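A.B. asks:
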Amino acid sequence: GIQTTRNSLANSLNIPAVKVLKLNGLETFVASASAMGLETLDSASDYGLSLTLGGGEVTMANMAEAYGVLANMGTRQKLESILKIEDRKGKVIDEFKSIPGDRVLSRETSFIIGNILSDDGARSMVFGSGSLLNIKKHPEVSVKTGTTNDLRDNWTIGYTADYVTAVWVGNNDNSKMNGVVSGTTGAAPIWNKVMTYLLKDKPVKKPVLPQDVVS
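Just so you know, we're using the working numbering here: the sequence shown kicks off at 657 and counts up by one.
#1: Got a sec? Which residues, its chain only, sit under 7 angstroms from Pro-672 by beta carbon, not counting five neighbours each side?
#2: Considering only residues of the same chain and omitting the five flanking positions on each side of Lys-678, which have a CB-CB separation below 8 angstroms?
#3: Tell me which residues share the same chain as Asn-790 and place their Cβ nearer than 7 angstroms to its Cβ, disregarding the 5 neighbours each side in the sequence.
#4: Using only CA atoms, which one of Arg-732, Glu-796 and Ser-737 lies nearest to Glu-695?
#5: Between which two residues does the alpha helix (DSSP H) harbouring Asn-670 extend?
#6: Let's test the definition: count the other Cβ atoms within 10 Å of the Cβ of Glu-721 and tell me whether it reaches 16, buried, or not, exposed.
#7: Does the segment 814–821 come close enough to the segment 753–769 to have 3 or more Cβ pairs within less than 8 angstroms?
#8: With a threshold of 7 angstroms (Cβ to nearest heavy atom), would Gly-826 be considered close to the ligand NAD?
#9: By how many angstroms is the C-alpha of Asp-702 removed from the C-alpha of Glu-796?
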């Protein structure tokens with residue numbers, strides 16, 4: 657039957673995802689995904705509507721950067737692996753300085769997507785209430801799972817305003833996994849432990865409602 661956008665995204669429903677891609681077009685999808693950091697997606701002519709279900713190769717680093725756009729309310733920030741270099745006496749030789757990135761998504765869109773992905777009630781139809789996608793005492797955490805055909809790839813990626821955690825589970829030879837049946841049994845337990853550790857004793861920081869979003 658008819659599904660809301662909230663219900664469709666929160667529960668990872670495939671048919672609505674394909675229908676939305678067909679409405680928006682592959683060119684728009686690839687352009688938006690590339691702007692958000694998925695640099696491995698090239699020409700739209702290389703893909704079909706299965707692209708929205710995992711039909712294109714991506715890296716974990718690129719996925720973290722793309723979800724970082726949502727965490728940063730629409731601003732893309734490049735990943736940095738080195739924050740500071742010191743010599744043996746503690747003198748700083750070089751240090752990373754944050755430079756504001758480009759806006760690739762509106763604040764309003766980012767807020768609504770994050771709100772949906774943090775809604776335990778909305779995803780309960782598929783994942784049940786109180787699953788490992790929830791971080792205790794931190795209802796502001798947004799999270800999404802993904803599983804490819806034959807259980808070859810299993811993803812859980814979630815974020816707050818301060819942290820993005822991306823977890824992939826799979827076999828190095830791309831063979832089918834055993835004992836993994838959904839996004840909550842493969843990557844989610846690992847993701848939950850990492851996010852729980854990061855947010856331990858941290859205050860809840862809910863995203864600020866943009867002026868043009870009416871609840």
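In this text, a Cβ means the ideal position worked out from N, Cα and C, and glycines have one as well. The structure presented is a predicted model; accordingly, all values stated were derived computationally and were not measured.
C.D. replies: So, from the data block:
#1: Residues of the same chain with a CB within less than 7 angstroms of the CB of Pro-672, apart from the 5 flanking positions on each side, are Gln-659 and Ser-664 in chain order.
#2: Taken in chain order, the residues that qualify are Leu-705.
#3: These residues qualify, in order along the chain: Asp-776.
#4: Comparing Cα-Cα distances from Glu-695 to each of Arg-732, Glu-796 and Ser-737, the minimum goes to Arg-732.
#5: Where Asn-670 is concerned, the enclosing alpha helix (DSSP H) starts and stops at 670–680.
#6: Burial call: buried.
#7: Flag = no, the segment 814–821 and the segment 753–769 do not touch.
#8: Annotation note on the ligand NAD: not contained in the displayed structure, which lists no ligands.
#9: Straight through space, the alpha carbons of Asp-702 and Glu-796 are spaced by roughly 37 angstroms.
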